[in-house]
Each structure stands twice: as structure tokens, then as C-alpha cells.
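Trainee: Under my numbering, the first residue of the sequence shown carries the number 42, and numbering increases by one thereafter. My questions all concern the structure below.
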Amino acid sequence: MTAALLPAPTAPDVPEMPDHMSVTVAVTGGLDGVQRVVTLLRGRGYPVRGLTADLADDDTGALGVRLPLTAEEAELLVARLHRLPAVLHATVG
């Protein structure tokens, strides 16, 4: 009688755990630009843990957003933000 050799069991793929990422967004349009970014975050169901907004006199603004994301999810968020006409620049940092 011969024994069949089976491949050794492998550990299941463990999904990447999200880290708290900070995303910085520069917008135009003042408060309207800020609102467009917040609408995207809420509409896509992003779990925002912190948000700061700084509006300037020249109709621009800066947002700081803190949320738990994997690196891949953070890349996707930045790509989505760049599609908004109000967004001048978005980075993960």
C-alpha cells in the first residue's frame, strides 16, 4: 500500500490590518470645496476619525483627515479625491 503525499497545508491569507492614515487635501472654492470632500468621504462610507479644516482668504482651504485605511485603500481614496474638481492636491502622510 502506498500513501499519497498531499501538499502541506498553508496558512490562510490574513488581510492587511488598517493603520490610522492622515490624508492632507488642498481645495479651492472655500467652504464649498471642503463640503465636496466631506460629501465624498461620507458617500463612500469612509470611517473618518478626525477632520480639520483651515480656510484661507484667497478662496482655498486645507483639510486634514485621519482614518483607518490600508495602504491600498489610501491610494484609492487619493485617486478619488483627485477626480473632484475642487481638489488641488491630495497626499497621504
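Glycine is no exception: its CB is placed at the ideal position from the N, C-alpha and C atoms. This structure is a prediction, so every number in the text was calculated from the model and none was measured.
(1) Can we say the region 101 to 111 touches the region 78 to 92, given the rule of at least three CB pairs closer than 8 Å?
(2) Alpha carbon to alpha carbon, what distance is there between glycine 86 and leucine 129?
(3) Kindly indicate which three-state DSSP category threonine 132 falls into: helix, strand or coil?
(4) Can you tell me whether alanine 49 is buried or exposed, with buried defined as 16 or more other CB within 10 angstroms of its CB?
(5) Pick helix, strand or coil for alanine 115, following the three-state DSSP scheme.
(6) Measure the C-alpha to C-alpha separation of valine 174 and valine 78 and round it to an integer number of angstroms.
(7) How many angstroms separate the CA atom of proline 88 from the CA atom of leucine 118?
Mentor: In terms of the structure at hand:
(1) yes
(2) Here residue 129 refers to the residue found at position 88 when the sequence shown is read from its first residue. Here residue 86 refers to the residue found at position 45 when the sequence shown is read from its first residue. Cα-Cα distance, rounded: 22 Å.
(3) Looking up residue 132 in the sequence shown gives position 91. Reduced to three states, the DSSP call for threonine 132 is strand.
(4) Within the sequence shown, numbered from 1, the residue matching residue 49 stands at position 8. Its Cβ having fewer than 16 others within 10 Å, alanine 49 is exposed.
(5) As a first step, residue 115 must be located in the sequence shown, where it is residue number 74. Correct three-state label for alanine 115: helix.
(6) Nothing in the structure corresponds to residue 174, since the chain is present only between 42 and 134.
(7) Within the sequence shown, residue 88 is the residue found at index 47, counting from 1. Within the sequence shown, residue 118 is the residue found at index 77, counting from 1. Cα to Cα, the separation comes out at about 12 Å.
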